[in-house]
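As numbered in the UniProt record's numbering, residues 1 to 511 make up the sequence shown, in order. Quick notes on the structure that follows.
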Amino acid sequence: MKRDGSNLSYWQDTSQLNDHKDTVAQHDYDVVIIGAGITGITTGLMLQNAGKNCLILEAKTIGFGTTSGTSAHLNTVLDTPYYDLISNFGKENATLAASAAKEALTIISNHVQQFNISCDLEHCNGYMYATNEDEEKELKKIYDAILGVGLQATYVTDIPGPMDMTKAIKFEKQGRFHPLEYLKVLLSQYENAGGVIQEGVAVNEVKEENNRQKITVGDDHHYYADAVVYATHTPPGINLLTFKLAPYRSYVMGFQLKDEHQYPDDLIYDMQEPFHYFRKATYQDQTILLVGGQDHKTGQHPNPEFNFVKLEAFVRKHYAVRAVLYKWSSQYYESTDGLPYIGYFPGKKSKQQFVATGYSGNGMIFGTLSAKIITDLIINGTSEYEQLFSPGRVKPIAGFSNFISENFDVAKHLIIDRLAIDKIDGLADLAKGEGKIIDYDKHTLGVYKDDEGTLFALDPVCKHAGCIVQWNNTEKSWDCPCHGARYAPNGDLLTGPATAGLSVYDLKKDA
Ligand SMILES: Cc1cc2nc3c(=O)[nH]c(=O)nc-3n(C[C@H](O)[C@H](O)[C@H](O)COP(=O)(O)OP(=O)(O)OC[C@H]3O[C@@H](n4cnc5c(N)ncnc54)[C@H](O)[C@@H]3O)c2cc1C
1 MKRDGSNLSY WQDTSQLNDH KDTVAQHDYD VVIIGAGITG ITTGLMLQNA
51 GKNCLILEAK TIGFGTTSGT SAHLNTVLDT PYYDLISNFG KENATLAASA
101 AKEALTIISN HVQQFNISCD LEHCNGYMYA TNEDEEKELK KIYDAILGVG
151 LQATYVTDIP GPMDMTKAIK FEKQGRFHPL EYLKVLLSQY ENAGGVIQEG
201 VAVNEVKEEN NRQKITVGDD HHYYADAVVY ATHTPPGINL LTFKLAPYRS
251 YVMGFQLKDE HQYPDDLIYD MQEPFHYFRK ATYQDQTILL VGGQDHKTGQ
301 HPNPEFNFVK LEAFVRKHYA VRAVLYKWSS QYYESTDGLP YIGYFPGKKS
351 KQQFVATGYS GNGMIFGTLS AKIITDLIIN GTSEYEQLFS PGRVKPIAGF
401 SNFISENFDV AKHLIIDRLA IDKIDGLADL AKGEGKIIDY DKHTLGVYKD
451 DEGTLFALDP VCKHAGCIVQ WNNTEKSWDC PCHGARYAPN GDLLTGPATA
501 GLSVYDLKKD A
């Protein structure tokens, strides 16, 4: 797997990244960064350029996480509507969030210019359209709040797509790019500046010892650093952020259209629940339409593959499709109050551990912003965005209703999943490539039959917080509905917050 799912994403298919598997000899660094997605690589480059000696440790391969599963719209109009941010954080802070998003987009543009990166970066407009009165009311709230935080938006009578609409707004100065082609060059700049990276190394533990951070990989291999950055998308283990993050899956498909003129230059969003997002992408003169949507909480859809059927039907209703070229899904994390958590890792003894998470669907922007904030905190001890994005912030009013409902879901899954487990008598009705939670001989098992017909039986209790994982029939993974840990069919850990794979039964022996 080149990514944390078995469907190939357009970005993986059109980008070649070199291996960085050689063991690193040096063990002492200024900063160790855990994770090589957009957050980790951008942070590494900024810190290295600021004079710090950095090591990036990646459990799997560069871009293995959501950075290869994204759709790479570059937005200053965020997924959390600005009216929510105004209500949760006040107008001044919501305006600061808008400035932060603008600054992140500028950082990306500057990198592209400075390093002459060919990554299909285009600055473009965003369009959001309504199709009925309720959506029009919502659109008006969104429009007013965009203006309220100092961004530009206008009502328009047309959108660059064939969809029926009743009202639409346009917001300028958005963008789109190819995330892996962008990161490939950032990484080589990082290495040219002396930065070090190693793939295939999962960090198991970070401990503070004599004012330094001791980073353990494998059973007994250590690195030391003054500071550690968790660029892991969701921080591992159970910590103060665990209950403030909710995992979601989103689905993207790539289409070749019959009519070349139908590829939109701009970004388009509808207002359905869940909403759809559109952009085009061009690689080596071939253009495709990327459409995403069908978002749902991780591990809480009975048939994830069916989301592609619905997405494709939705697209075919509007566009003349010549071919479906790609389909993939990936994961993002929502915070309880609509802004990500970026800065000092809450609950740690010293201020030498940093974390960046809870980006929703704006991680290209927030991953870049995290690099800026964390670099400023490490180099200068301060950032203008420190308070706003502080992972330790307490927002009882803003976060309260979400907090309750997110955790209600968790509690429900601990109990109901155990009771509602599919009752089948034997394993016979399991097709090749399929997985299932079953009751078998008084045991609850996660069972997977690979393409050769070999059976794997696992203990489906997630190693993170003890919930029962669910089979994801499109990405071929076991997904935890509580905090989003994901496992390969054979139980190997794909993504945190769990820190170990599922226990595997030896079928013959255990029988
Ligand atoms: C379908 C979809 C569409 C999206 N579209 C957009 C969009 O249009 N625009 C936008 O801005 N955002 C979008 N997002 C969000 C965005 O893609 C993500 O927020 C972003 O890619 C996260 O980057 P990251 O570097 O923080 O995490 P990741 O890319 O997930 O990287 C984390 C890395 O850490 C590694 N790791 C984890 N634990 C350890 C460990 N213990 N030791 C070592 N390494 C470890 C992982 O292997 C992984 O490679 C989308 C998300 C989804 C799901």
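Cβ atoms here follow ideal geometry from the backbone N, Cα and C, with glycine treated the same way.
Does residue i come out as helix, strand or coil in the three-state DSSP assignment?
i	result
L96	helix
S503	coil
V291	strand
E135	helix
H443	strand
I34	strand
M364	helix
V112	helix
Y344	strand
Q300	coil
A411	Residue placement at A411 is flagged as unreliable, the pLDDT there being 46, under the threshold of 50; a coordinate-derived value is accordingly withheld.
T23	coil
F243	helix
A457	strand
N472	strand
H123	strand
L105	helix
I56	strand
K2	coil
Q152	coil
E260	helix
Y143	helix
S118	coil
Use the C-beta contact count for residue i: other C-beta atoms within 10 angstroms, 16 or more gives buried, fewer gives exposed.
i	result
N7	buried
L502	buried
H20	buried
V394	exposed
residue 526	Only positions 1 to 511 of the chain appear in this structure, which leaves residue 526 out of reach.
A130	buried
E452	exposed
A371	buried
Q387	exposed
G381	exposed
A97	buried
T166	exposed
S383	buried
K141	exposed
A498	buried
How far does the alpha helix (DSSP H) with residue i in it extend, from its first residue to its last?
i	result
R316	F306 to H318
S188	P179 to N192
Y82	Y82 to F89
F389	E386 to F389
D429	Run containing D429: none; DSSP gives neither H nor E here.
Where does the unbroken beta strand (DSSP E) through residue i begin, and where does it stop?
i	result
K280	Y277 to Y283
Q352	Careful: Q352 lies outside any beta strand (DSSP E) and carries neither H nor E.
D226	H221 to Y230
Q12	Where Q12 is concerned, there is no enclosing beta strand (DSSP E), although the alpha helix (DSSP H) it sits in stretches over Y10 to D13.
E208	V203 to E209
V77	No beta strand (DSSP E) holds V77; DSSP gives it neither H nor E.
Check the Cβ-Cβ distances between residue i and every residue of chain D, and say whether any is below 8 Å.
i	result
A101	In the displayed structure, chain D is absent; only one protein chain is listed.
Apart from the five residues just before and just after residue i, which ones in its own chain have a Cβ nearer than 6 Å to its Cβ?
i	result
Y283	T14
S390	G343
D226	D30
V201	L57 and V217
A323	Q256
K102	T76
L55	Y29, V32 and V196
residue 521	Since the first residue of the chain shown is 1 and the last is 511, residue 521 is not available in this structure.
F366	P340 and Y359
Once the 5 residues before and after residue i are set aside, which same chain residues still bring their CB inside 8 Å of it?
i	result
L267	H73, N75, C124, N125, G126, Y127, Q174, R176, Y277, F278 and R279
H318	G161, P162 and M163
E122	G175, R176, F177 and D265
N18	none
Near residue i, which residues of its chain fall below 7 Å by C-beta distance, leaving aside the five closest residues on each side in sequence?
i	result
D425	Low confidence applies to D425: its pLDDT is 35, below 50, so where it sits in the model is not reliable enough to give any reading.
H111	I117 and L186
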